[in-house]
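Protein chains in written order, with the numbering used here: chain B, 677 to 1012; chain Y, 677 to 1012. Backbone N, C-alpha and C fix where the C-beta goes; we use that ideal spot for every residue, glycine too. Have a look at the structure below before the remarks.
Protein chains: 2
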Amino acid sequence: MQGLESLGERKIIQIIQQQLEVMPGLPLGFGDDVSALKLEGDKLLILKTDMLVDKTDVPPGMSLWQAARKAVVMNISDLAAKGAKPIALLVALGIPRGFTEKDIKQIAKGLNSGAREYNTFVLGGDTNEASDLIISCAVLGTCHPKMLIKRKGTRPGDILAVTGNFGKTAAGLKILLENIHVPQELKETLLESILMPKARLREGLALASSQVVTASIDSSDGLAWSLHELSKASHVGFLIEKLPLATEAAKFAKAHGLNPTELCLYGGEEYELVLTIKPQFWNKALSAIKNVGGRLIPIGKAIKENIVKLKTEKGSIPIEFKGWEHFKTTLKEIQE
Amino acid sequence: MQGLESLGERKIIQIIQQQLEVMPGLPLGFGDDVSALKLEGDKLLILKTDMLVDKTDVPPGMSLWQAARKAVVMNISDLAAKGAKPIALLVALGIPRGFTEKDIKQIAKGLNSGAREYNTFVLGGDTNEASDLIISCAVLGTCHPKMLIKRKGTRPGDILAVTGNFGKTAAGLKILLENIHVPQELKETLLESILMPKARLREGLALASSQVVTASIDSSDGLAWSLHELSKASHVGFLIEKLPLATEAAKFAKAHGLNPTELCLYGGEEYELVLTIKPQFWNKALSAIKNVGGRLIPIGKAIKENIVKLKTEKGSIPIEFKGWEHFKTTLKEIQE
């Protein structure tokens, strides 16, 4: 019998889904980033749960306040990708025995800060004893049915875009794990990216209102992973013409002999949105995003051929379907 | 600095609440059993999260299927106590490394069975690696604002009632933990009570429709605990005139030299509803419950004096404010 480490998170999710009866008439497929539900009123209810576990989601150097805030951001980010507005959060905590009153306070303050940052509130929760620190959030949001952005919907020719640059989080994580010496200013930017992730909620809501996005996903598992998920959902491929590599990540890669493409594609923990837009609506999308102070960076286009590839000087090379996956990778393993 | 074991779950919840900003205009207070929210439409949205952790919530002898089903029941039970109808569940899982594909299937089947038993569906979720088995459910329900039953609202003179007898779960747990020999038929009943708990959803919905319940709570932390919580919420006391001791629990107590009152009051894991009703509406409540095949057992009355006490042949004795509390008690400790 296979153990979990050989199964991996995606296979586990598949096994679980096969055992579950599906509620009829759902507005969103079972494999999308959130669940949607039509009750009374015009709007859809959007539901999402995402669990933070310290040993896989909290790098050394991240405070309890930051970890709790991150647990909120993880959940908000998925709503952002769908264009849904968060309303309220529930939080179930698993707390290790050694934790003190001060620790609990830091966690609670982090939860509150995360919630308020995205104009929502923690509405209730549950506390338990557990061996790991577990922060399991569930978020409720709403969305107008016409504005909900699915993971599926990309057509060949659509412009592929992201809401920010990539690679800083992978560099930041490397600094935390390997205690690498980096000039102060660069270090601060890189660490901030991993310790204080931001959900692109304003961007997601603005894009949803503009109704020009054909598909969207967040990039918490890495850019490469998100591209492959989008590709799978819509049976299209992607040609990446320009990698959205952050300057700071490029600097870090150069100074430490790392491959910048790897940092950019396979790092994860970025919480940017990865989305596709019909070319004729590009300007509309761009102005929607600019109105809320965000960025929209075109990085390539959707193609018919079912492959995700990167244009280079020597021709195009395939981008692997890999990224951060629980059970197959853990922070502890990286540290070992 | 105090560790968690000396703080206890209730103190921890208090510390957390003090750090959280409260959403304005909530229909239900922060300390009630669920959270409620008014969006569009006539109905309230009801939200609840409750986390199952194997080392505190799963006794030896409980299968993974049963544990997963129980995780659902724990959540449904709180909605039942408020008269809210569950609509959809989210489940975040923490899974230990050693688990196999077969284990995951059993968990998923248990989740599905629990959900379908209460006419709801698992809508989405998240899987993670964790040291303990963690099943963190969040449930969304609805309730007509007039029908929502709060924890607060009891007035002196109200009849105190429960939806079933108590004591079997404590006996069942003792059998599992201490491997006590018990006649087969009795054993089956006692084990069923702890391994296959039922949420009193039909009863809760029927009582809510009748609009005669002044306050309600479920009894997952034990009868004594629920009585004290109701007492605290409404600043009343309770005089228990007749303990709702299950015959099987009485038999078990007699055969093993145990105190039946202790089994009945302080066992926990019962998931019955504990509620109060205005005397003039007793018959209406009783017929509402009987219509759905449930039971309503009067056990005493609310009194002005802020004390919870039990009538005995030798006069009344106080019932302690104690029950199952995470961090102060764990199954492992009981086993040791």
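I want to see whether chain Y comes within less than 9 Å of residue i, judged by CB atoms only; does it?
{"i": "Lys822(B)", "result": "no"}
{"i": "Ser711(B)", "result": "yes"}
{"i": "Ser1018(B)", "result": "Only positions 677 to 1012 of chain B appear in this structure, which leaves residue 1018(B) out of reach."}
{"i": "Ala768(B)", "result": "yes"}
{"i": "Val748(B)", "result": "no"}
{"i": "Phe1003(B)", "result": "In this prediction, Phe1003(B) scores a pLDDT of 49, lower than 50, which makes its location untrustworthy; the coordinate-derived value is nonetheless stated afterwards. Phe1003(B) counts as touching chain Y."}
{"i": "Met759(B)", "result": "Just to set this straight, residue 759(B) is Gly in the shown sequence, not Met. Chain Y, which has no Cβ nearer than 9 Å to the Cβ of Gly759(B), makes this no."}
{"i": "Val798(B)", "result": "yes"}
{"i": "Gly774(B)", "result": "yes"}
{"i": "Ala764(B)", "result": "yes"}
{"i": "Glu945(B)", "result": "no"}
{"i": "Phe706(B)", "result": "yes"}
{"i": "Gln695(B)", "result": "yes"}
Does residue i come within less than 9 Å of chain D when only Cβ atoms are used?
{"i": "Arg792(Y)", "result": "This model lacks chain D altogether, as its protein chains are B and Y."}
Can you tell me the Cβ-Cβ gap for residue i and residue j, rounded? I've got them flagged as a contact below 8 Å.
{"i": "Ala814(Y)", "j": "Leu766(B)", "result": "5 Å"}
{"i": "Lys719(B)", "j": "Glu716(Y)", "result": "6 Å"}
{"i": "Ile722(B)", "j": "Val710(B)", "result": "5 Å"}
{"i": "Gln936(Y)", "j": "Leu921(Y)", "result": "One detail in the question is off: residue 936(Y) reads as Pro in this sequence, not Gln. Sure, about 6 Å apart at Cβ, within 8 Å."}
Return helix, strand or coil for residue i, following the three-state DSSP convention.
{"i": "Pro955(Y)", "result": "helix"}
{"i": "Thr796(B)", "result": "coil"}
{"i": "Val858(B)", "result": "coil"}
{"i": "Ala900(Y)", "result": "helix"}
{"i": "Met727(B)", "result": "strand"}
{"i": "Ser682(B)", "result": "helix"}
{"i": "Val748(B)", "result": "helix"}
{"i": "Glu905(B)", "result": "helix"}
{"i": "Ala875(B)", "result": "coil"}
{"i": "Glu777(B)", "result": "helix"}
{"i": "Glu864(Y)", "result": "helix"}
{"i": "Pro762(B)", "result": "strand"}
{"i": "Glu938(Y)", "result": "helix"}
{"i": "Ser711(Y)", "result": "strand"}
{"i": "Ala961(Y)", "result": "helix"}
{"i": "Val944(B)", "result": "According to the sequence as given, residue 944(B) is Gly; it is not Val. Residue state, collapsed to three classes: coil."}
{"i": "Gly786(Y)", "result": "helix"}
{"i": "Ile689(Y)", "result": "helix"}
{"i": "Ile979(B)", "result": "strand"}
{"i": "Leu921(B)", "result": "strand"}
{"i": "Ser739(Y)", "result": "coil"}
{"i": "Leu853(Y)", "result": "helix"}
Give a yes or no on whether the minimum CB-CB distance between residue i and chain B is below 9 Å.
{"i": "Ala756(Y)", "result": "no"}
{"i": "Glu1012(Y)", "result": "Summary for Glu1012(Y): the model assigns pLDDT 44, below 50, so the residue's position carries little reliability; its value from the coordinates is reported in the next sentence. Not an interface residue."}
{"i": "Ser807(Y)", "result": "yes"}
{"i": "Val698(Y)", "result": "yes"}
{"i": "Ala784(Y)", "result": "yes"}
{"i": "Met727(Y)", "result": "yes"}
{"i": "Met677(Y)", "result": "Low local confidence applies: a pLDDT of 41 at Met677(Y) is under 50, so the model's placement there is unreliable, with the coordinate-based value given in what follows. Chain B, which has a Cβ nearer than 9 Å to the Cβ of Met677(Y), makes this yes."}
{"i": "Ala814(Y)", "result": "yes"}
{"i": "Gly635(Y)", "result": "For residue 635(Y) there is no data in the structure shown, the boundaries of chain Y being 677 and 1012."}
What residues are listed by DSSP as bridge partners for residue i?
{"i": "Val838(B)", "result": "Val950(B) and Ile973(B)"}
{"i": "Phe928(B)", "result": "None, per the DSSP bridge assignment."}
{"i": "Lys985(B)", "result": "Leu915(B) and Pro994(B)"}
{"i": "Leu769(B)", "result": "Thr803(B) and Ile811(B)"}
{"i": "Asp894(Y)", "result": "Leu949(Y)"}
{"i": "Ile722(Y)", "result": "Ala712(Y) and Gly817(Y)"}
{"i": "Val734(B)", "result": "In DSSP, Val734(B) forms no bridge with anything."}
{"i": "Val889(Y)", "result": "Ile953(Y)"}
Would you tell me roughly how many angstroms separate the C-alpha atoms of residue i and residue j, rounded to the nearest one?
{"i": "Leu728(B)", "j": "Gln860(Y)", "result": "44 Å"}
{"i": "Thr890(Y)", "j": "Val748(Y)", "result": "26 Å"}
{"i": "Thr796(Y)", "j": "Ile811(Y)", "result": "17 Å"}
{"i": "Gly976(Y)", "j": "Lys985(Y)", "result": "10 Å"}
{"i": "Pro974(B)", "j": "Leu836(B)", "result": "6 Å"}
{"i": "Ile1098(Y)", "j": "Leu906(Y)", "result": "Residue numbering for chain Y in the displayed model covers 677 to 1012; residue 1098(Y) lies beyond these limits and cannot be assessed."}
{"i": "Ala768(Y)", "j": "Lys822(Y)", "result": "32 Å"}
{"i": "Cys819(B)", "j": "Ala757(B)", "result": "12 Å"}
{"i": "Gly833(B)", "j": "Leu755(B)", "result": "26 Å"}
{"i": "Pro994(B)", "j": "Ile983(B)", "result": "7 Å"}
{"i": "His904(B)", "j": "Gly991(B)", "result": "20 Å"}
{"i": "Ser886(B)", "j": "Gly817(B)", "result": "19 Å"}
{"i": "Leu852(Y)", "j": "Glu946(Y)", "result": "16 Å"}
{"i": "Lys987(B)", "j": "Glu917(B)", "result": "5 Å"}
{"i": "Val798(B)", "j": "Gly737(B)", "result": "25 Å"}
{"i": "Leu702(Y)", "j": "Leu713(Y)", "result": "6 Å"}
{"i": "Phe928(B)", "j": "Val734(B)", "result": "22 Å"}
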